[in-house]
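For the record, the sequence lines run as chains Y and A.
The first sequence begins at 6 in my numbering and counts up by one.
The second sequence begins at 11 in my numbering and counts up by one.
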Amino acid sequence: MSATMEKQKMGSEEFNIEDILAEREKIFEAIINSPFLNKKHQEADEYFSKLEPPFPWEKESLCKDA
Amino acid sequence: MDRETYTFYTTADGVGYFFISEGSRGKILKGVSIKPLPNAAPDFLRPIYNLAFGDARKTTNGWTLDHSVRSGNGDMPRIIATVVQIAMEFMAQNTRATLSFQGYADIKSLALGKNQRTILYQRVIDSHWSELAVNCNFWGAKNNEVAEYTVGNQYERILARLK
Numbered sequence: 006m007s008a009t010m011e012k013q014k015m016g017s018e019e020f021n022i023e024d025i026l027a028e029r030e031k032i033f034e035a036i037i038n039s040p041f042l043n044k045k046h047q048e049a050d051e052y053f054s055k056l057e058p059p060f061p062w063e064k065e066s067l068c069k070d071a
Numbered sequence: 011m012d013r014e015t016y017t018f019y020t021t022a023d024g025v026g027y028f029f030i031s032e033g034s035r036g037k038i039l040k041g042v043s044i045k046p047l048p049n050a051a052p053d054f055l056r057p058i059y060n061l062a063f064g065d066a067r068k069t070t071n072g073w074t075l076d077h078s079v080r081s082g083n084g085d086m087p088r089i090i091a092t093v094v095q096i097a098m099e100f101m102a103q104n105t106r107a108t109l110s111f112q113g114y115a116d117i118k119s120l121a122l123g124k125n126q127r128t129i130l131y132q133r134v135i136d137s138h139w140s141e142l143a144v145n146c147n148f149w150g151a152k153n154n155e156v157a158e159y160t161v162g163n164q165y166e167r168i169l170a171r172l173k
């Protein structure tokens, strides 16, 4: 009983691979359009847009040119 | 890599993946999304893609994704090894792509009230460095700067690209 409640509390589900594969297109659609994951992508884009040069490969080039 | 991984499934274009985590709390569906970062600054590394993943749950409105931190399924090394394998497959199919990913917030850190990220990806990279460094270049980003990846250092985000 408590084990069942704990699983429900944690959001774990008992399912088999056949059920999952039958819904694979819906699952992929949810993954690709996920607001949660897309927010993570947006955060990464913002993070990398703020990176400042010189980058390591530019430093290597400068060393070779010197 | 010699770490055990889960079987994963992917879309034809390789931008969506899922696999099933099996641990002490049962089976949990994990979804992985890979998308381009159009505004990322380092021209040299373009195209740059980001890898993000979370738990997929079925609701009355269909499937939804949220943070994996809650799962605590006791199989995190296998999950991370699977995600790394997915990253390697993506890069093998997109040989000019750079892939970025972020450290993973584990449930113990949050339970202790620490908003710190345990860089589990880095543990995998560091422990397999001699093998991974043969085929990939790695960079680490922290405090708005990017540097060559150094084993043992902690970064906010990691970049990887096939040589």
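Idealized CB from N, CA, C, for every residue including glycine.
Check the DSSP bridge columns for residue i and list the partner residues they point to.
i	result
S31/A	I38/A
L169/A	S110/A, W149/A
A62/A	S43/A
K68/A	W73/A
For residue i, does the three-state DSSP call read helix, strand or coil?
i	result
K55/Y	coil
E28/Y	coil
A91/A	helix
A9/A	Residue numbering for chain A in the displayed model covers 11 to 173; residue 9/A lies beyond these limits and cannot be assessed.
Y19/A	strand
What's the C-alpha gap between residue i and residue j?
i	j	result
T74/A	V94/A	23 Å
A27/Y	I168/A	35 Å
L172/A	P46/A	17 Å
I38/A	W62/Y	41 Å
R133/A	V161/A	9 Å
A97/A	A170/A	9 Å
D65/A	N104/A	25 Å
R35/A	D85/A	10 Å
E57/Y	A151/A	10 Å
I90/A	L109/A	15 Å
S140/A	G72/A	43 Å
R56/A	K68/A	35 Å
Quick one: what's got a C-beta closer than 7 Å to residue i's C-beta in the same chain, skipping five residues either side?
i	result
E158/A	W149
Suppose the cutoff is 6 Å on Cβ atoms and the five residues either side in sequence are ignored; what does the same chain contact list for residue i look like?
i	result
I44/A	V25, Y59, L61, F100
E14/A	R88
My guess is that residue i and residue j are in contact by the Cβ rule of under 8 Å, so how many angstroms apart are they, rounded?
i	j	result
P52/A	V156/A	7 Å
G33/A	F63/A	The Cβ separation is near 16 Å, so there is no contact.
Got a sec? Which residues, its chain only, sit under 8 Å from residue i by beta carbon, not counting five neighbours each side?
i	result
Y19/A	Y27, F28, F29
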